[in-house]
Every structure is written in C-alpha cells, then in structure tokens.
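Position in the sequence shown (first residue = 1) + 524 = the working numbering.
Worksheet: one structure, shown below.
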Amino acid sequence: MTSFHIRFGTEVADALRAGRPVVALESTIVSHGLPRPDNLLVARQIEQAVRDAGAVPATIGMVGGELVVGLDDAQLTRLATVDGVSKLSVRDLAVAAATGADGATTVAATSAVAAAAGIGVFATGGLGGVHREAAQTFDESADLVTLARTPIAVVCAGVKSILDVGATLERLETLGVGVVGYRTRRFPGFYLTDAGFDLDWSVNSPEQVADVLAARAAQGLHHGGLIVANPLPVDEQLDPELHDRTLAEGLAMLAHDAVTGKAVTPFLLAHFHSATQGASLAVNVRIILRNADLAARIAVAAARRPAAAA
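Right, dumping it as structure tokens:
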C-alpha cells in the first residue's frame, strides 16, 4: 500500500537535518511549462544553478502517488518524459496520492509542500495570478491564496505577462502577501523587465532578504509569503513589440478555441514558443536560472544567520 506521507530524497533529508541551505523547485515547469526534450535538460540545469550557488536543490513532485521532496534523476526524467502527468495544485495532492498519480506541483502546491517540509526559499519562473477577463470568469490562480497563508520566500520574475498584472498586485495586497523588488522599485512582467507598476519596497542583496525573513519569524505576526521579484536585465528580456503582438494573437486564439482553466497558461506559453521561434523559450530559461541562483544565495545567507541555527 502506498504511503501518503511526504518522502524526502536522501540529499535533501541530510541537508535539512544538518541545517544546510535548501531551495525548493517546482516540477510543473518540467512537465507542462517547457517543451520536450528541453524540459529535462533545463530541469537539470536549474538544479545545477542551485548547487553552484551553494545550496541543495529540492525539486518537488509526485511519482506513483508518492509526494517527493527532492526528486532523484530517474523520477525527474519520468515526470519530464511520460504522458499523462497531472498538474497538481494544493487541493489536488490528496486525491492524486490516493489514486496513485504521477503529478507535477504548481507554485501553490510546491510552496505548501516546501513550507511543510521546513524549506523557506523557493525558486520559480513567474507566478500565477488573476487572469484577464476575471471579472466575468472569476479565474484566479490558487498561487495567490496559498501564498497568503504559507510562510515561504518565492523568487520569481513577477507575474506571467499573459495575466492581468495590475489586478494580481491588487489581490496580493488584499491577501497580505509581501512583495519586494530585487534591486528595483518596478514590478517585472516575466518576459518583460518592467510590467508597468511601482513597488513600495526593494532589497539589494541576498543578505537583506534573509534579514526580512528573520524579522518576519522574530515578530511572529505575518504568516504569509514573501515575493522577491527579480527582473531580467533589459538586454535579456523578450523584445516588447514581439511580446505584445504575440500575446494579442494568443489571447485571440484562446477565445476562438474556448481554452479555459488550467489549460490557459500552457496553451499561451506554447504559443509564445512557436510564434517567437524559440525566443520566448530562451528568455524563460534565463529567468528560471537567474531565479534559482538568487534563491540559493538567499538560502545560504539565511542559513548563515545565528538565528537559523537556534
């Protein structure tokens, strides 16, 4: 009979016991966010980026109904290459476990599992958020409400630009999720360096982020997440005109094909990949590798604080 407890990879379990820095990584980017065969190659590069910056990668996913924190290479390969891998948010985890599913964890699920496992830093590409036309569809990512109650730092390139960025920022404020720009006072838009919105706060180093996390823990007042918005340099972003044109085409295709719910983001990302002839994929990879590096440096800084050993 399958155990429904969270299982830890050996390296991750050893690191957590020893108080070494660990960075959580999602598996949805592997199974749903990137095309084959690039997905497996990039997944390994993400883990290596974390290692190169001094931390232990903990890619989270479900294999045969078993929720694993720290997938090994064989498990990572399985989620990257087999068909029928489910996209799992927090609400799906118990059902997927009970039915023996293979599943890739979203930002919401990865955040919840990482926090339960004692991991305080998570690297991803871009957050989910409020979808365009949400006033009619009520379509909003579970990432937002999960981060409102999950004490984890999420390093990302802002909100995916295919969403309603302004509405997402408003929801994050209402939900009490902290947002800081990394060396910027402007909120990034995933493919774009600047999504057009100001931020109230910025931080300038991994150590400063670690200080924010330590202050949150010491105060004991805020139990939600902290978004560390890490924009791409201007010369590494997707060309803004190409971005806007591709997005408009993709949104029209969504309406024409009546694509809704969980299928929206993979559909639009696939359209960006094909319509930009791979340029958006290259940007996507740069985003996640930069975020993995920063998240690892934050985890290292947090582990070095005296309070981290207490």
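Where a beta carbon is used, it is the ideal one built from N, C-alpha and C, also for glycine.
Here the structure is a predicted model, which is why all the values come from computation and not from measurement.
Can you look up residue 614 in the DSSP assignment and give me helix, strand or coil? In the three-state scheme derived from DSSP, where H, G and I count as helix and E and B as strand, residue 614 is classed as helix.
Below 8 Å, how does it come out for the region 709-716 and the region 762-772: are there three or more Cβ pairs, yes or no? Between the region 709-716 and the region 762-772 there are three or more C-beta pairs closer than 8 Å, enough to call the two in contact.
Using only the alpha-carbon positions, how far apart do residue 818 and residue 571 sit? Between residue 818 and residue 571, the C-alpha separation is close to 13 Å.
Leaving out the 5 sequence neighbours to the left and right, which residues in its chain are closer than 6 Å to residue 796 when beta-carbon positions are compared? Counting only Cβ-Cβ distances below 6 Å, and skipping sequence neighbours, we find 770, 804.
Assigned exposure category for residue 745 - 16 Cβ within 10 Å defines buried: Exposed, since its Cβ has fewer than 16 Cβ neighbours within 10 Å.
How big is the Cα-Cα spacing for residue 843 and residue 828? This structure gives no information on residue 843, because the portion of the chain shown stretches from 525 to 834.
Local conformation of residue 722 per DSSP, three classes: Residue 722: strand per DSSP, three-state reduction.
Expressed to the nearest angstrom, what Euclidean distance is found between the alpha-carbon atoms of residue 545 and residue 789? C-alpha separation (whole angstroms): 31 Å.
When you compare only the Cα positions, how much space is there between residue 626 and residue 564? Those two C-alpha atoms are separated by around 16 Å.
For the region 656-707, list the beta strand (DSSP E) runs that are entirely contained and at least 3 residues long, ordered along the chain. Complete beta strand (DSSP E) runs here, min 3: 677-680, 702-706.
Beta-bridge pairing of residue 505 - partner residues as DSSP gives them: The question about residue 505 has no answer here: the residues shown for the chain are numbered 525 through 834.
May I have the straight-line CA-CA distance separating residue 681 from residue 694, to the nearest angstrom? Spanning the alpha carbons of residue 681 and residue 694 requires a straight line of approximately 17 Å.
Which two residues bound the contiguous alpha helix (DSSP H) that contains residue 765? Element bounds for residue 765: 764-781.
Between which two residues does the beta strand (DSSP E) containing residue 812 stretch? Taken as a continuous stretch (DSSP letters only), residue 812 belongs to no beta strand (DSSP E), being part of the alpha helix (DSSP H) at 803-828.
Express the C-alpha separation of residue 639 and residue 722 in angstroms, rounding to a whole number. Straight-line Cα distance between these residues: approximately 29 Å.
Residue(s) in a DSSP beta bridge with residue 646: Beta-bridge partners of residue 646 (DSSP): 548, 678.
Sorted by chain position, which residues of the same chain lie with C-beta nearer than 7 Å to residue 728's C-beta, five sequence neighbours on each side aside? For residue 728, same chain residues with a beta-carbon under 7 Å away, outside a window of 5 residues either side, are 707 in chain order.
Within the chosen definition, does the region 571-581 reach the region 614-632 through at least 3 CB pairs nearer than 8 Å? No contact exists between the region 571-581 and the region 614-632.
Which residue from 782, 750, 698 puts its Cα closest to that of residue 645? The shortest Cα separation from residue 645 among 782, 750, 698 belongs to 750.
Validate contact between the region 528-536 and the region 590-598 using beta carbons, cut 8 Å, 3 pairs: Yes, the region 528-536 is in contact with the region 590-598.
For residue 583, the three-state DSSP class (helix, strand or coil): Here residue 583 sits in strand by DSSP.
So, with DSSP's three-state summary, where would you put residue 758? The answer is helix: DSSP assigns residue 758 an H, G or I state.
Based on Cα-Cα distance, which residue from 747, 808, 735, 720 lies nearest to residue 756? Of the listed residues, the one whose Cα sits closest to residue 756 is 808.
I'd like to confirm the pairing. Which residues does DSSP put opposite residue 750 in its beta bridges? Answer by DSSP bridge pairing, in chain order: 677, 702.
On the DSSP letters alone, give me the boundaries of the alpha helix (DSSP H) that residue 591 sits inside. Not the alpha helix (DSSP H): residue 591 falls in the beta strand (DSSP E), residues 590-593.
Between 767, 775, 822, which has its C-alpha nearest residue 802's C-alpha? Looking from the CA of residue 802, the closest CA among 767, 775, 822 belongs to 767.
When DSSP labels each residue in this structure, what does residue 558 get in the three-state scheme? In the structure shown, residue 558 sits in coil (DSSP, three-state: anything other than H, G, I, E or B).
For residue 558 and residue 609, the rounded distance between their alpha carbons: About 14 Å.
What number of angstroms, rounded off, separates the C-alpha of residue 528 from the C-alpha of residue 813? Counting only the Cα atoms, residue 813 lies some 32 Å from residue 528.
Which of helix, strand or coil does DSSP assign to residue 525? Its pLDDT being 44, under 50, residue 525 is placed unreliably by the model, and nothing is read from it.
Express the C-alpha separation of residue 606 and residue 689 in angstroms, rounding to a whole number. Looking at the backbone, the Cα of residue 689 and that of residue 606 are separated by about 33 Å.
Closest by C-alpha distance to residue 800, when choosing among 772, 753, 823, 820: That would be 772, whose Cα lies nearest to the Cα of residue 800.
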